[in-house]
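Student:
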C-alpha cells in the first residue's frame, strides 16, 4: 500500500495567524527576543505545539538579532521639529502601528554633524530593527547612508533624485494641481505660489502641480516664492509677493503653516480674504480649521502616512517585500477660497 505524501510543515505565518499575533511578534517570541508580552508569548508557544511547527535554524539566527525597536529619523536643523503638528501626527500614526507589532518607537533628529553620525551608526545595524527616514533634502548625506544600510529603511516621502525600494508618499503633484485649478475656477488669474523648499521632493512636486495647472489653463505662472514650510516663512513670502506682484488675486501655499503666515500678512496689509486674495494651503492640519478665515486646503492623510510607513517597515523586517505606496489627497473647501 502506497504511503501518502509527506505532511507539509506549517509556516511561521500560520503560527502567527493561529496565535492571533503579527509575524514579527511570533518570530521574536520564538527567539526569546525582548518586548513581547507574556500573553502573546504563551499564545505563540501554544500555536507551535498545536501545529507542530519546527523553526528554521537560519531564520532563528536572523531573528535573534532583533532589538524590538524601530527608529523614526528626521533630518533637519531645528530641534523643535517634532513639535510641528505635521510630524506630531506622523508620530501618532507610526506609534500606533508599531504598538500592534510590539515594537517600540525611537525618535532621532539629525540636526547636527554629531546627530548625523549617530544616525549613520544606527543605519549600520546598531540599536534598531529598522528605520523610517523623513524630510531628506537634496544632497543629504543620510540618503547615501540609507543606501548602504544594513537594516531595512522605509522613506516617508521620496528623496530628491532617487526612488528607493520602500517608501510611502502623498500625491503631492496631484494635490497641488487640484488646489491651483480650484483657484482658477473661482476666477483668479494672477495666482502665485509659496512653494516651500525646492531642495525637497515635496517642495518640487507641489510646485510642479501648480505649474501644470497654470499652463494647462493657458495662464502664465508667476515666479515661485520659496519659503521654509514655517508660518514665519509664509508670512515673509507673502510680503514679498505683495511687493513684487501687487495684483495677485490667488495664492497656493505648499503647506498650511505657510498659508497661515500668508493670511496674517494679507490681514496686516488690509487685503480681504477671499474677496481680494483667495488662499489655499496643503496638509489639512488643525491650524487650517482655526485659521482666520478657516483655510481651504489639500487634505493629505498625515496620520496614515506614519501608520503606513510603520506597517511597511514591519513587513520588511518580517521578510516581505512590499511595494511603494502613494496616498491620495483631496481638496477641503473652507472660507479662505
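In UniProt numbering, the protein residues as written are 1 to 337. Beta carbons are placed, not taken as given, at the ideal position from N, Cα and C, and that holds for glycine.
Does the separation of the CB atoms of residue 260 and residue 291 fall below 8 Å?
Tutor: Yes.
Student: Mind reading off the beta-carbon distance from residue 329 to residue 171? Whole number of angstroms is fine, and I expect it under 8 Å.
Tutor: 5 Å between Cβ atoms; contact.
Student: Just to confirm the assignment, what range does the alpha helix (DSSP H) spanning residue 207 have?
Tutor: From DSSP, the alpha helix (DSSP H) with residue 207 extends over 201-216.
Student: Beta-carbon separation of residue 248 and residue 336 under 8 Å?
Tutor: No, Cβ-Cβ distance for residue 248 and residue 336 is not below 8 Å.
Student: By the DSSP assignment, the beta strand (DSSP E) with residue 283 in it spans what residues?
Tutor: Looking at the DSSP string, the run of the beta strand (DSSP E) that includes residue 283 is 278-283.
Student: Based on the DSSP output, what are the partners of residue 105 in its beta bridges?
Tutor: Answer by DSSP bridge pairing, in chain order: 70.
Student: What residues in its chain sit with their C-beta under 6 Å from that of residue 237, if we drop five residues either side in the sequence?
Tutor: If we look at residue 237 and ignore the five residues flanking it on each side, its Cβ neighbours are 194, 225, 227.
Student: Starting from residue 299 and walking both ways along the beta strand (DSSP E), at which residues does that stretch end?
Tutor: From DSSP, the beta strand (DSSP E) with residue 299 extends over 296-299.
Student: For the segment 35-53 and the segment 9-21, state whether three or more C-beta atom pairs, one from each stretch, are separated by less than 8 Å.
Tutor: Output reads yes: the segment 9-21 touches the segment 35-53.
Student: Using 10 angstroms around the beta-carbon of residue 61, count the other beta-carbons present and answer buried if the total reaches 16, otherwise exposed.
Tutor: For residue 61, the predicted model reports a pLDDT of 41, less than 50, meaning its position is unreliable; a value from the coordinates is still stated below. So residue 61 ends up on the exposed side.
Student: So residue 250 is in the beta strand (DSSP E); what residue range does that whole segment cover?
Tutor: Segment 250-253, the beta strand (DSSP E) holding residue 250.
Student: Counting along the chain, where does the alpha helix (DSSP H) carrying residue 87 start and finish?
Tutor: Its alpha helix (DSSP H) spans residues 85-100.
Student: On the three-state DSSP scale, how would you describe residue 151?
Tutor: Residue state, collapsed to three classes: coil.
Student: Report the three-state DSSP secondary structure of residue 143 (helix, strand or coil).
Tutor: Note: residue 143 maps to helix in three-state DSSP.
Student: Counting along the chain, where does the beta strand (DSSP E) carrying residue 176 start and finish?
Tutor: Run containing residue 176: none in the beta strand (DSSP E); it sits in the alpha helix (DSSP H), 172-185.
Student: Measure the C-alpha to C-alpha separation of residue 63 and residue 132 and round it to an integer number of angstroms.
Tutor: Reliability fails at residue 63, whose pLDDT of 49 lies under 50, so the model's placement of it is uncertain and the value that follows must be treated cautiously. Going from the Cα of residue 63 to the Cα of residue 132 covers about 20 Å.
Student: With DSSP as the reference, please indicate the residues paired to residue 132 in a beta bridge.
Tutor: 72, 154.
Student: Pairs of beta-carbons, one from the segment 150-159 and one from the segment 305-315, closer than 8 Å: are there three or more?
Tutor: Yes, since at least three Cβ pairs between the segment 150-159 and the segment 305-315 fall closer than 8 Å, the two stretches touch.
Student: Roughly how many angstroms separate the alpha carbons of residue 242 and residue 22, rounded to a whole number?
Tutor: Answer to the nearest angstrom: the Cα atoms are 55 Å apart.
Student: Here's the rule I'm using: 16 or more other beta-carbon atoms within 10 Å means buried, otherwise exposed. How should residue 1 be labelled?
Tutor: Residue confidence for residue 1 is low, a pLDDT of 43 falling below 50, so the modelled location carries little weight; the figure read from the coordinates is stated next. With fewer than 16 Cβ atoms within 10 Å of its Cβ, residue 1 is classed as exposed.
Student: Starting from the Cα of residue 92, find the closest Cα among 319, 301, 111 and give me that residue.
Tutor: Of the candidates 319, 301, 111, the one whose C-alpha sits nearest the C-alpha of residue 92 is 301.
Student: What are the complete alpha helix (DSSP H) segments, minimum 4 residues, inside the segment 296-328?
Tutor: The qualifying runs are 302-317.
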